[in-house]
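J.: Got a structure here, written out as structure tokens. Questions coming.
Chains as they are written, first to last, in the numbering used here: chain X, 1 to 114; chain C, 1 to 113.
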């Protein structure tokens with residue numbers, strides 16, 4: 001079992017739809033959770049960062065963490081064609097020796113159609 | 001957030017040669033890392049760049065192949081040595097912010113012929 005599982009998609013939605021992206025993980029030591037957006041031929045851009053269970057909202061984006069189920073989600077409201085990108089979940093273990101290095105999911109390719 | 005730049009942005013190299021990639025951050029970061037992203041794949045950590053000491057490598061990556069330097073808090077280099085076509089990838093550096101969130105550079109796209 002991989003440490004982080006993410007459905008690679010592709011996911012295609014109409015403009016204005018609510019998008020749900022999900023990751024599951026197996027390592028209970030993961031305490032920091034991030035979502036990145038990566039456009040083609042660009043570096044990953046940090047969208048959301050959280051370290052507690054519950055919801056965190058930033059504009060049209062909501063990150064949700066359920067540590068008891070080892071499950072994280074990213075919701076995008078009112079999706080726009082400019083949201084078309086690959087979305088990567090990532091997580092890190094802050095305990096000694098791990099140095100906050102990130103373990104990534106495979107990424108989900110999202111296309112928002114006008 | 002930290003702003004991270006990399007040079008070169010892309011290169012085409014011949015088999016057997018070496019390429020050094022530079023990473024510069026605009027503010028002091030605690031940790032710096034180097035990742036590889038192979039075509040159509042996610043990111044894989046190569047090593048943690050430690051200031052003034054040897055880098056910490058992940059399983060499957062060795063110092064002879066990927067020597068890394070970090071002479072100060074805002075600068076690091078990764079060398080890809082004795083390249084083969086299998087080294088064709090995007091190489092990304094990252095730095096941690098005050099809450100240990102990570103920011104990435106734009107990447108260096110390497111093609112080995």
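Backbone N, C-alpha and C fix where the C-beta goes; we use that ideal spot for every residue, glycine too.
Predicted, not measured: the structure shown is a model, and the values here were computed from it.
Any beta carbon from chain X within less than 7 Å of residue 57(C)'s own beta carbon?
T.: By this cut-off, residue 57(C) is not an interface position.
J.: Mapping the DSSP letters down to three states, classify residue 14(X) as helix, strand or coil.
T.: Three-state result, residue 14(X): strand.
J.: If you draw a straight line from the C-alpha of residue 111(X) to the C-alpha of residue 55(C), how long is it?
T.: Rounded to whole angstroms, residue 111(X) to residue 55(C) spans 38 Å at the Cα level.
J.: Write down every uninterrupted run of the beta strand (DSSP E) in the region 39-81 of chain X whose length is 3 residues or greater and which is fully enclosed by it, in chain order.
T.: As far as the region 39-81 of chain X is concerned, its whole beta strand (DSSP E) runs of at least 3 residues are 45-50, 54-58, 61-66 and 71-76.
J.: Quick check: is any heavy atom of the ligand GTP less than 6 Å from the C-beta of residue 33(C)?
T.: The model depicted lacks the ligand GTP and carries no ligand whatsoever.
J.: Between the Cα of residue 89(X) and the Cα atoms of 25(X), 55(X) and 15(X), which residue gives the shortest distance?
T.: Residue 25(X) is the option with its Cα nearest to residue 89(X).
J.: Relative to the C-alpha of residue 54(X), which candidate in 36(X), 47(X), 63(X) and 48(X) has its C-alpha closest?
T.: Checking every option, the nearest Cα to that of residue 54(X) belongs to 63(X).
J.: Is residue 102(X) close to chain C, meaning its C-beta is less than 7 Å from at least one C-beta of that chain?
T.: Interface residue, yes.
J.: What does the Cβ neighbour count give for residue 107(X), buried or exposed, with the cut at 16 atoms within 10 Å?
T.: Result: buried.
J.: Is it buried or exposed, residue 112(C), if we count other Cβ atoms within 10 angstroms and call 16 or more buried?
T.: Buried.
J.: Under 7 Å Cβ-Cβ, which residues of chain X neighbour residue 91(C)?
T.: The contacting residues do not exist; residue 91(C) stays about 10 Å from chain X at best.
J.: Would you kindly check if the distance between the Cβ of residue 96(C) and the Cβ of residue 3(C) is under 7 Å?
T.: Against a cut-off of 7 Å, the Cβ pair of residue 96(C) and residue 3(C) comes out as no contact.
J.: What residues from the region 34-55 of chain C come within 7 Å of chain X, judged by C-beta to C-beta, listed N to C?
T.: Those residues of the region 34-55 of chain C that come within reach of chain X (Cβ to Cβ, closer than 7 Å) are 42, 43, 45 and 48.
J.: Compute the Euclidean distance between the alpha carbons of residue 23(X) and residue 58(C), then round it to the nearest angstrom.
T.: If you take the alpha carbons of residue 23(X) and residue 58(C), they lie about 23 Å apart.
J.: Taking 7 Å as the threshold (C-beta atoms), are residue 58(X) and residue 16(X) in contact?
T.: No.
J.: Can you give me the Cβ contacts of residue 51(C) inside the same chain, cut-off strictly under 7 Å, excluding the 5 residues immediately before and after it?
T.: So the list reads 70, 72 and 73, once near-sequence residues are dropped.
J.: Against chain C, which members of the region 33-52 of chain X pass a CB distance test of less than 7 Å?
T.: The region 33-52 of chain X vs chain C, Cβ under 7 Å: 34, 42, 43, 44, 46 and 49.
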